[in-house]
Amino acid sequence: MLEFRKTLGFVLLAMATTGCRSQQLAHDQDHIRSAVMHLHENQIMDNLVRARKGLPILHLDYVNMTGTITQTGNAAGGGSYSAASNRFASLPASALALSRVVTGAGNLSAGATQVNQLTITAQPVNGAPEVYNAYLSFLKDPDRLREGPQPPGCDEALIFRCYEDPCPEPCGTRAWGSWFHKRVSAKTYYWIPRQHADAFRELSVYAVAVRGQAAPLSSNFDVTALGVKKFDPIAQNDKDNYELYVKIDRKIPNDKGYLVMTINGKLYEEKGLLTVLINSMGGLKRAQPGLVLEPEMLTNVIRLSINLKTLGVARIDDVVMALDNRRIGIRLENFVPTASPTDRVLQDLRMQAELFRLGQVK
455 MLEFRKTLGF
465 VLLAMATTGC
475 RSQQLAHDQD
485 HIRSAVMHLH
495 ENQIMDNLVR
505 ARKGLPILHL
515 DYVNMTGTIT
525 QTGNAAGGGS
535 YSAASNRFAS
545 LPASALALSR
555 VVTGAGNLSA
565 GATQVNQLTI
575 TAQPVNGAPE
585 VYNAYLSFLK
595 DPDRLREGPQ
605 PPGCDEALIF
615 RCYEDPCPEP
625 CGTRAWGSWF
635 HKRVSAKTYY
645 WIPRQHADAF
655 RELSVYAVAV
665 RGQAAPLSSN
675 FDVTALGVKK
685 FDPIAQNDKD
695 NYELYVKIDR
705 KIPNDKGYLV
715 MTINGKLYEE
725 KGLLTVLINS
735 MGGLKRAQPG
745 LVLEPEMLTN
755 VIRLSINLKT
765 LGVARIDDVV
775 MALDNRRIGI
785 RLENFVPTAS
795 PTDRVLQDLR
805 MQAELFRLGQ
815 VK
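Per my numbering, the very first residue in the sequence shown carries number 455; after that it's consecutive.
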């Protein structure tokens with residue numbers, strides 16, 4: 455009976471040590487998510503290196519992840535018992551003898567098993583050219599992917615990988631003495647500098663998430679205001695109405711419209727508050743809708759007309775500061791952005807991130 459209790463206790467202990475299925479499944483799913491993130495990082499870096507070398511590249515989509523846990527426990531036992539008694543009597547009586555034989559046999563067994571199964575399904579990306587265009591676009595700036603024989607510093611690289619040279623010596627020209635020594639392959643380190651983190655994040659979004667013909671999310675030309683080149687009051691001694699010339703990071707059609715931006719933490723997105731006028735400086739012409747835009751119809755300096763009282767802003771300096779290296783939207787009367795759907799999504803995400811930073815989106 456004691457042995458049976460011990461075995462039963464062992465069975466219960468073995469089954470208990472297999473753990474809670476839900477907790478272990480959650481733990482495994484978290485590990486598989488981390489593993490997939492590393493897979494994406496590795497293939498993006500590998501594709502960049504291969505594209506730099508002029509080799510073909512292939513991007514994989516990890517489309518399905520599943521995890522299952524199977525637990526089993528078992529116990530078995532059996533036994534037999536027999537007894538026999540014999541008496542022997544002879545003279546003298548003092549020689550009486552009594553014998554009793556007891557025999558028993560038993561067997562007990564117990565076991566517990568747990569099987570963890572994780573499955574990842576990957577498919578090659580064949581019908582999304584924007585993914586591969588993103589790699590080529592990223593590599594247009596050679597400084598975005600650096601390489602060297604030594605690893606970068608910890609504060610220098612956003613991410614780096616090491617690759618061995620497959621043929622450090624000219625094939626077929628190995629010296630005789632080198633046959634008796636272990637060849638040490640040359641290594642090349644590739645890394646993304648931290649100052650190009652935004653470009654690498656954009657590439658990652660293209661490669662991993664943004665696909666297909668996404669619906670346009672914004673009708674604005676989303677640009678970065680690089681600063682006010684000059685500003686003047688519209689009339690002498692007029693302290694409310696100003697005209698500003700603002701430099702932006704790319705050229706847009708020279709057309710009328712209005713700005714969408716924040717000043718002192720307040721969002722201005724209505725027509726008539728920050729009015730964009732035709733810029734005629736330097737021989738610029740008004741962009742004509744329906745025609746091929748000539749170079750003089752495009753500008754990277756916008757002409758802005760504002761009224762401080764209408765904006766509720768006390769100083770013109772507040773407006774100037776708000777246009778210094780800030781993301782803004784420009785809504786034109788006759789033109790809309792013609793970028794790819796993926797570009798539009800990324801631009802809108804950047805705009806939303808700026809609004810979140812300023813506390814405008816709750």
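Note that CB positions come from ideal geometry on N, CA and C, so glycine has one too. Because the structure is a prediction, the values reported are computed rather than measured.
Closest by C-alpha distance to Val767, when choosing among Gln497, Lys693, Val730 and Leu590
Lys693
Just checking, does the segment 749-764 make contact with the segment 726-740 on the three C-beta pairs under 8 Å criterion?
yes
Using only CA atoms, which one of Ile770, Leu593, Arg504 and Leu514 lies nearest to Val490?
Leu514
Got a sec? Which residues, its chain only, sit under 8 Å from Gln742 by beta carbon, not counting five neighbours each side?
Met751
Give the range of the alpha helix (DSSP H) segment to which Glu601 is assigned.
No alpha helix (DSSP H) holds Glu601; the beta strand (DSSP E) holding it covers Arg600 to Gly602.
Quick check on DSSP: helix, strand or coil for Phe718?
The sequence as given places Asn at residue 718; Phe does not occur at that position. In the structure shown, Asn718 sits in coil (DSSP, three-state: anything other than H, G, I, E or B).
Does DSSP classify Asp686 as helix, strand or coil?
strand
DSSP state of Gly726, grouped into three classes?
coil
Report buried or exposed for Leu456, applying the criterion of at least 16 other Cβ atoms within 10 angstroms of its Cβ.
Legend: pLDDT at Leu456 = 48, less than 50; position of this residue unreliable, value from coordinates given subsequently. So Leu456 counts as exposed.
Only counting the same chain, and skipping five residues up and downstream in sequence, which positions put a Cβ closer than 7 Å to that of Asn501?
Ile511, His513 and Tyr589
Can you give the beta carbon distance from Leu786 to Pro707, rounded, assuming they're within the 8 Å contact cut?
6 Å
Looking only at its own chain, which residues have a Cβ that is under 6 Å from the Cβ of Thr573, when we skip the five neighbours before and after it?
Thr520
Count the other CB atoms within 10 Å of the CB of Asn657; is the residue buried (16 or more) or exposed (fewer)?
As written in the sequence, residue 657 is Leu, which differs from the Asn given in the question. Per the 10 Å Cβ criterion, buried.
Those residues which DSSP pairs with Asp515 across a bridge:
Gln577
Where Glu697 and Lys683 are concerned, what is the direct C-alpha to C-alpha distance, given to the nearest angstrom?
11 Å
Can you give me the C-alpha to C-alpha distance between Ser673 and Val790, rounded to a whole angstrom?
6 Å
Using CA coordinates, which residue listed in Arg615, Asp652 and Phe654 is at the minimum distance from Thr642?
Arg615
Helix or strand or just coil, what does DSSP make of Pro707?
strand
On the premise that Ile613 lies in contact with Glu495, defined as a C-beta separation below 8 Å, what is that separation, rounded to the nearest angstrom?
6 Å
Local conformation of Pro596 per DSSP, three classes:
helix
Nearest-angstrom Cα separation, counted from Ala653 out to Ile687:
The displayed chain sequence assigns Pro, not Ile, to residue 687. If I take the Cα positions, the gap works out to 39 Å.
Could you check the C-alpha separation between Tyr617 and Val662 for me, to the nearest Å?
23 Å
Drop a sphere of 10 angstroms on the beta-carbon of Ala689, count the other beta-carbons inside from all chains shown, and report buried for 16 or more, exposed for fewer.
exposed
The alpha helix (DSSP H) with Asp652 in it runs from where to where?
Ala651 to Val662
Return the residue from the list Val503, Val585, Val517 and Pro605 that minimises the CA-CA distance to Val659.
Val585
Local Cβ density within 10 Å of Thr567, reported as buried at 16 or more and exposed below that
exposed
Counting only beta-carbon atoms, is Arg506 nearer than 8 Å to chain D?
Any reference to chain D falls outside this structure, which holds one protein chain only.
Three-state secondary structure (DSSP) of Pro791
coil
Integer Cβ distance of Ala505 from Leu593, believed to fall under 8 Å
6 Å
List the endpoints of the continuous beta strand (DSSP E) containing Val755.
Leu752 to Asn761
Indicate the three-state DSSP secondary structure (helix, strand or coil) for Arg740 in the structure shown.
coil
State the DSSP-derived secondary structure class of Glu495, mapped to helix, strand or coil.
helix
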